[in-house]
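J.: Heads up: the sequence shown begins at 11 in my numbering, then just goes up one per residue. Note that CB positions come from ideal geometry on N, CA and C, so glycine has one too.
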Amino acid sequence: MMRRDVGVILVAAGKSVRIGGTTPKVWLPFRGAPLLARSLLTLLELDELSECALVVRDEDRVRAGDLVDTVTPRLAARVRIVAGGALRRDSVRAGLLALSDPAIAIVLVHDAARPNASVRLFKSVVAAAREHGAAVPALPVVDTLRRRDDRGVAHSIDRSGVHAIQTPQGFQRDLLRRAHAEAVDVAAVTDDAMLVEALGTAVVWVAGEPANAKVTLPEDLETIARLAGGDRVATRIGLGHDLHRLEAGGTLRLGGIDVGGDVHAVGHSDGDVLLHAVTDAILGACALGDIGQHFSDQAAENRGRDSAEFLCHALLLARTRGFSPLQVDVVVRLERPKLAPFRAAMVARLAELLQLTAESVSIKAKTAESQDAIGAGRAVACEAVVQMVARES
Ligand code: MG
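1. From SER403 to MET12, what distance separates their C-alpha atoms?
2. In angstroms, rounded to a whole number, what distance separates the CA positions of GLU55 and ALA391?
3. In this structure, what does DSSP give as the bridge partners for GLN337?
4. Using CA atoms only, rank isn't needed, just tell me which of ALA174, ARG161, ASP160 is closest to ASP153.
5. If you reduce the DSSP assignment to three classes, tell me which class ASP280 lands in.
6. Going by CA-CA distance only, name the one from PRO39, GLU345, ARG158, HIS190 that's closest to SER101.
7. Grab me the residues of GLU207's own chain with a C-beta within less than 7 Å of its C-beta, minus the 5 sequence neighbours each way, in chain order.
8. Short check: CB of ALA310 to CB of LEU363, under 7 Å?
9. Could you give the distance in angstroms between the alpha-carbon of ILE292 and the alpha-carbon of LEU249?
10. Do the region 96 to 113 and the region 163 to 180 meet, that is, are 3 or more Cβ pairs less than 8 Å apart?
11. So which of GLY143, GLY42, ARG67 has the shortest CA-CA distance to LYS25?
12. Counting only runs of 3+ residues fully inside the region 33 to 104, write out the beta strand (DSSP E) ranges in chain order.
13. Taking the alpha-carbon positions, what's the ALA400 to THR211 distance?
14. Closest to ASP300 by C-alpha separation, out of LEU59, HIS323, GLY314, would be which residue?
15. For ILE167, count neighbouring C-beta atoms within 10 Å of its own C-beta (all shown protein chains included) and say buried if the count is 16 or more, exposed if not.
16. Using the C-alpha atoms, what's the distance from GLN397 back to ASP290?
17. Would you mind sorting LYS35 into buried or exposed? The rule is 16 or more other CB atoms within 10 Å of its CB.
18. Restricting to runs no shorter than 3 residues, where is the beta strand (DSSP E) found entirely within the region 160 to 206?
19. Given that a residue counts as buried once 16 or more other Cβ atoms are within 10 Å of its Cβ, and exposed if not, what is GLY17?
20. As an exercise, report each continuous beta strand (DSSP E) stretch of at least 3 residues that is fully enclosed by the region 250 to 278, in chain order.
21. From ALA378 to PRO351, what does the alpha carbon distance come to, in whole angstroms?
22. If contacts are defined as beta-carbon pairs under 8 Å, then MET356 and GLY265 qualify, I think. What distance do you get, rounded to the angstrom?
23. Between ALA258 and VAL273, which are expected to be in contact by the criterion C-beta below 8 Å, what is the C-beta distance as a whole number of angstroms?
24. From the DSSP output, in three-state form, read off ARG359 for me.
25. Around the ligand MG, which residues pass a check of Cβ closer than 5 Å to any of its heavy atoms?
26. What are the uninterrupted segments assigned as alpha helix (DSSP H) that are 4 or more residues long and contained completely in the region 119 to 147, given in chain order?
27. By DSSP, does PRO228 sit in helix, in strand, or in coil?
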């Protein structure tokens, strides 16, 4: 039987100052999901995994939990979500403390900004750390290296023997604990292997992977997605439609927010036609039936229910089949209230639910020129088209 004695510290607490903007890079969309999701999906395949400490910024703990529940529900019971510190080594230390299983013998430290590390690489680092105490992936540098001095003069650097060090880095647990406890002069230390070497312990190298590059700049996302290479890409289109009757009073729920109007949609749940249409489009793209098959309008637990839950469930079903949304386009048909003042908030909410950027979410509103039930203000309808994509590594 496979020993489950590997703990993984997944470091995702960086503030991304180099990448610019306010969204930390691990939350930027990458191959249809937040960048962080790729490392979680890889851990699903690591049979030796006992426990994972997912280290995020304090304010990201809730959404990190949601991400684990959505993308890798099978891992949820084994993931500890912890707040990181100001420095990378503070984050690793927090992760070390969070690994609670006493059976853990080997600890891997992996940077979530390296989404392409293969499970094969994880396993080879584990095997080498088991045998030698400490192991890191190293990749020979093949580019010509030049350094410019203060006067702008370029000098050649001999690249023989020069390697780029990647993650995951693997250590016997006690060794890594000791390295962090005894770390003194840490100003120049950028990874855990350097801390371990400071103890006088040798760190062995395993072959790194060219595709295992680190996302540092926004433009890296596309390049690094391509580096994953060899993918078969499958695209699906889904179409959704919904219509609800309107009655006087209350507030209309649309796109996961309240848009007022002194009317409400008559329905078993919260009557949000926009989220119902998008949910149906997601289910349709994956040939998974329709919303009524998954959420009965006879069931008591669905009465008044927040339709965002239907959407998240459909997304989970799609993701377990490998499909993630790439874009969505929606047309709401409604006479009143006017939706223009709420459009940005609806786009933001739908983007959040779908884990897309606002640039990939389109919501349009049309009236019915006073014709039919919609034109008479007695109904609201919505059509949605989603594009879903799956990549098989
Ligand atoms: Mg409906």
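T.: Reading from the atomic positions:
1. Note that SER403 has pLDDT 45, beneath the 50 cutoff, so the model's placement of it is unreliable and the number below is only indicative. Cα to Cα, SER403 sits roughly 24 Å from MET12.
2. Each residue's alpha carbon lies about 43 Å from the other.
3. According to DSSP, GLN337 bridges with GLN397.
4. Taking only the C-alpha atoms, the option nearest ASP153 is ALA174.
5. Reduced to three states, the DSSP call for ASP280 is coil.
6. Here the closest residue by C-alpha is HIS190.
7. Closer than 7 Å at Cβ, skipping near neighbours: VAL213.
8. The answer is no: Cβ separation not under 7 Å.
9. Looking at the two C-alpha atoms, the distance is approximately 8 Å.
10. Taking a cut-off of 8 Å for Cβ pairs, the region 96 to 113 and the region 163 to 180 do not touch, as fewer than three such pairs fall below it.
11. Scanning GLY143, GLY42, ARG67 for the CA closest to the CA of LYS25 turns up ARG67.
12. If we require 3 residues or more, the beta strand (DSSP E) runs fully inside the region 33 to 104 come out as 59 to 66, 89 to 93.
13. About 43 Å.
14. Of all alpha-carbon atoms in LEU59, HIS323, GLY314, the one lying nearest the alpha-carbon of ASP300 is that of HIS323.
15. The residue is exposed, with fewer than 16 neighbouring Cβ atoms inside 10 Å.
16. A straight-line Cα-Cα distance of about 12 Å links ASP290 and GLN397.
17. Burial of LYS35 is indicated by the presence of at least 16 other C-beta atoms within 10 angstroms of its C-beta.
18. Complete beta strand (DSSP E) runs here, min 3: 164 to 167, 173 to 175, 179 to 182.
19. With 16 or more other Cβ atoms within 10 Å, it is buried.
20. The qualifying runs are 273 to 275.
21. Each residue's alpha carbon lies about 19 Å from the other.
22. Yes, they are in contact, since the Cβ atoms of MET356 and GLY265 sit about 3 Å apart, within 8 Å.
23. Indeed they touch by this definition, with Cβ atoms about 6 Å apart.
24. Here ARG359 sits in helix by DSSP.
25. Counting only beta-carbon distances shorter than 5 Å to the non-hydrogen atoms of the ligand MG, the qualifying residues in chain order are ASP252, HIS286.
26. Fully enclosed alpha helix (DSSP H) runs of 4 or longer: 129 to 142.
27. Here PRO228 sits in coil by DSSP.
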